[in-house]
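Using the numbering used here, you'd call the opening residue of the sequence shown number 431 and step up by one each time.
Right, one structure below, let's go through it.
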Amino acid sequence: MLFEGKFSASGFDNRITQLFGIQYPIIQAGMIWNSGWELASAVSNAGGLGIIGAGSMYPDVLLDHIQKCKKATNKPFAVNLPLLYPDIDKHIEHIINEQVKIVFTSAGNPKTWTQKLKDKGIVVVHVVSSAKFAKKCEEAGCDAVVAEGFEAGGHNGREETTTLCLIPAVRNAIKIPLIAAGGIATGRAMFAVMALGAEGAQMGSRFVCTPEASGHSAFKDAVVAAGEGDTVLTLKKLTPVRLIKNKFCQKVQEAESAGSSVGELEELLGRARAKKGMFEGDTEAGELEIGQVSSIIKEIKPAAEVVNEVWEEFKQASQNPFVY
431 MLFEGKFSAS GFDNRITQLF GIQYPIIQAG MIWNSGWELA SAVSNAGGLG
481 IIGAGSMYPD VLLDHIQKCK KATNKPFAVN LPLLYPDIDK HIEHIINEQV
531 KIVFTSAGNP KTWTQKLKDK GIVVVHVVSS AKFAKKCEEA GCDAVVAEGF
581 EAGGHNGREE TTTLCLIPAV RNAIKIPLIA AGGIATGRAM FAVMALGAEG
631 AQMGSRFVCT PEASGHSAFK DAVVAAGEGD TVLTLKKLTP VRLIKNKFCQ
681 KVQEAESAGS SVGELEELLG RARAKKGMFE GDTEAGELEI GQVSSIIKEI
731 KPAAEVVNEV WEEFKQASQN PFVY
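Take a look at the structure:
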């Protein structure tokens with residue numbers, strides 16, 4: 431075996447599946463405007479780990495999604511929590527009161543909330559884009575980290591390190607369990623990152639293109655239609671974000687080329703630009719966050735089917751890694 435863990439009658443046994451209590455080391459990313467309770471419960475019911483993306487939710491909306499997810503599945507699920515969110519304390523209150531067992535944190539210092547969550551018996555995973563920050567997560571007491579490469583959609587690391595380079599570096603830097611993210615949409619890709627030292631794979635773009643994802647159908651169609659080179663990492667003066675190239679993205683690139691200030695870029699971005707694109711379906715004036723791997727996603731299919739296909743391909747790749 432090229433990776434730690436072993437196949438079992440029910441799926442796979444390694445530190446990630448044990449930590450979360452899941453069948454397969456397949457994790458659905460917590461994507462704003464796309465990861466509601468329907469998607470999270472569908473992925474969890476299929477044997478992976480579904481995640482509710484709280485980044486686009488007010489506290490009362492998150493509470494509603496958690497309660498609906500608990501009714502839709504008796505399997506483990508998680509909440510993704512950007513730590514820079516203004517109502518973070520209210521979000522955490524709902525997570526604790528509703529006894530959510532797993533939280534993925536991002537966009538902030540993991541030391542701020544990790545111990546409080548762990549004191550309540552919650553498993554804490556933090557998303558990073560470098561080995562340096564992965565070590566800080568381990569020092570902060572996180573139970574695992576997600577190392578997300580430059581290929582990923584949405585908000586990205588400033589280091590612009592690709593997944594192929596990032597995973598071995600993070601594996602060498604930490605001892606806690608490692609999940610790979612960025613550019614993963616197939617079982618063979620999951621096999622590849624696990625051969626590099628990851629113990630699970632987090633997928634965002636692939637789960638956007640499911641009926642259960644809460645994004646607008648026009649956004650999903652735009653993802654399916656995207657080809658090689660149709661995404662770009664932009665807004666680097668603010669927070670780097672990978673977008674599908676459209677009229678809004680073109681305006682951003684033109685502003686950046688002209689040397690626009692942070693304030694000017696913030697004004698161009700405006701309010702609810704991501705909601706306009708991904709949730710309301712304005713594919714020209716809206717912000718369409720998606721990963722480079724969108725170029726190989728050619729159809730919309732149920733989340734359970736995605737999980738099953740990824741798992742079966744992963745098994746085949748582990749048995750015959752040189753047969754494509």
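Quick reminder that beta carbons are idealized off the backbone N, C-alpha and C, glycines included.
Please read these numbers as outputs of a predicted model, since none were measured by experiment.
The region 487-497 in contact with the region 523-530 per 3-pair CB rule at 8 Å = Three or more Cβ pairs closer than 8 Å define a contact, and the region 487-497 meets that threshold against the region 523-530.
Do the CB positions of residue 483 and residue 581 come within less than 7 Å of each other? For the purposes of this step, residue 483 is taken as the residue at position 53 of the sequence shown. For the purposes of this step, residue 581 is taken as the residue at position 151 of the sequence shown. Taking 7 Å as the Cβ cut-off, residue 483 and residue 581 do not qualify as a contacting pair.
Go ahead and pull the three-state DSSP assignment for residue 517.
Within the sequence shown, the letter at position 87 stands for residue 517. Here residue 517 carries a coil assignment [DSSP, helix/strand/coil].
field: Cα-Cα separation between residue 548 and residue 689, rounded to whole angstroms
entry: What you label residue 548 is simply residue 118 of the sequence shown in a count that begins at 1. What you label residue 689 is simply residue 259 of the sequence shown in a count that begins at 1. Computed Cα separation, rounded: 44 Å.
Given 8 Å, three or more beta-carbon pairs between the region 559-578 and the region 606-615: Because the criterion of three Cβ pairs below 8 Å is met, the region 559-578 and the region 606-615 touch.
Residue 508, DSSP secondary structure in three states: As a first step, residue 508 is located in the sequence shown; it is residue number 78 there, counting from the start. In the structure shown, residue 508 adopts extended strand secondary structure according to DSSP, grouped into three states.
(message) Beta-carbon within less than 7 Å of residue 627's beta-carbon, same chain only, minus the 5 sequence neighbours each way: which residues are those?
(response) Taking the first residue of the sequence shown as position 1, residue 627 is located at position 197. Exclusion of the five residues before and after residue 627 leaves 597, 598, 601 and 608 as the residues of its chain whose Cβ lies within less than 7 Å of its Cβ.
### Task
Would you mind working out which of 650, 614, 639 and 668 sits nearest residue 712, comparing C-alpha positions?
Sequence index remark: in the sequence shown, residue 712 carries index 282 (1-based). Among 650, 614, 639 and 668, the Cα nearest to that of residue 712 belongs to 650.
Exercise for the section: Given a cut-off of 7 Å, decide if residue 613 and residue 408 are closer than it, judged by their beta-carbon atoms. Expected result: What is shown of the chain runs 431 to 754, which leaves residue 408 out entirely.
Contact check, residue 571 vs residue 545, beta carbons under 7 Å
Position 141 of the sequence shown, counted from the start, is the residue given in the question as residue 571. Position 115 of the sequence shown, counted from the start, is the residue given in the question as residue 545. Cβ distance < 7 Å, so residue 571 and residue 545 count as in contact.
**Request:** Compare the C-alpha of residue 479 against each of 565, 533, 706 and 434 and name the closest.
**Result:** Mapped onto the sequence shown, residue 479 falls at position 49. The residue with the shortest Cα to Cα distance from residue 479 is 533.
| message | Within 10 Å of its beta-carbon, does residue 424 have 16 or more other beta-carbons around it, so buried, or fewer, so exposed? | response | The first residue shown for the chain is 431 and the last is 754, placing residue 424 beyond what the model contains.
Starting from residue 433, trace the beta strand (DSSP E) in both directions and tell me its first and last residue. Here residue 433 is taken as the residue at index 3 of the sequence shown, counted from 1. Residue 433 -> no beta strand (DSSP E), and no H or E assigned at all.
Fill in: Straight-line Cα distance separating residue 657 from residue 592
Numbered from 1 along the sequence shown, position 162 holds the residue referred to as residue 592. Numbered from 1 along the sequence shown, position 227 holds the residue referred to as residue 657. Between residue 592 and residue 657, the alpha-carbon positions lie close to 19 Å from each other.
Query - Helix, strand or coil at residue 530 according to DSSP, with G and I counted as helix - result: For this step, residue 530 is matched to residue 100 along the sequence shown. Correct three-state label for residue 530: coil.
| Mind checking whether residue 699 and residue 652 have CB atoms under 7 Å apart? | Indexing the sequence shown from 1 puts residue 699 at position 269. Indexing the sequence shown from 1 puts residue 652 at position 222. No, these two residues do not count as a Cβ contact at 7 Å.
### Message
Between which residues of its own chain and residue 618 is the CB-CB distance below 7 Å, once the five residues before and five after are set aside?
### Response
Mapped onto the sequence shown, residue 618 falls at position 188. Answer for residue 618: 743 and 747, listed in chain order.
Practice task
Please name the residue, chosen from 703, 643 and 543, that lies closest to residue 551 on a Cα-to-Cα basis.
Solution key: The residue labelled residue 551 in the question sits at position 121 within the sequence shown. Measuring from the Cα of residue 551, the nearest candidate turns out to be 543.
In DSSP terms, what residue 393 is bridged to
With the chain running from 431 to 754 in the structure shown, residue 393 is simply not present.
Checklist line | Own chain residues within Cβ distance below 7 Å of residue 730, not counting five before or after | finding: Here the question's residue 730 lines up with position 300 in the sequence shown. If we look at residue 730 and ignore the five residues flanking it on each side, its Cβ neighbours are 639, 640, 641, 650 and 654.
Quiz item: Enumerated in chain order, which unbroken segments of the beta strand (DSSP E) with a length of 3 residues or greater are wholly contained in the region 584-662?
Solution: Counting only runs of 3 or more, we get 608-611 and 630-633.
query = Assuming residue 691 and residue 468 make a contact with CB atoms under 8 Å, what is their CB distance in whole Å?
reply = Taking the sequence shown and counting its residues from 1, one reaches residue 691 at position 261. Taking the sequence shown and counting its residues from 1, one reaches residue 468 at position 38. Between the beta-carbon of residue 691 and that of residue 468 there is about 40 Å, and that puts the pair past the 8 Å contact cut.
Residue span of the beta strand (DSSP E) that contains residue 458, given as start and end = Reading the sequence shown from its first residue, position 28 is the one you call residue 458. In the DSSP assignment, residue 458 falls within the unbroken beta strand (DSSP E) covering 456-458.
Could you give the distance in angstroms between the alpha-carbon of residue 558 and the alpha-carbon of residue 707?
Translated into positions along the sequence shown, residue 558 becomes position 128. Translated into positions along the sequence shown, residue 707 becomes position 277. Rounded to the nearest angstrom, the two C-alpha atoms are 26 Å apart.
I'd like the list of long-range same chain contacts for residue 756, defined as Cβ closer than 7 Å, with 5 residues on each side in sequence excluded. The question about residue 756 has no answer here: the residues shown for the chain are numbered 431 through 754.
- Pick helix, strand or coil for residue 748, following the three-state DSSP scheme. By one-based count along the sequence shown, residue 748 stands at place 318. Three-state result, residue 748: helix.
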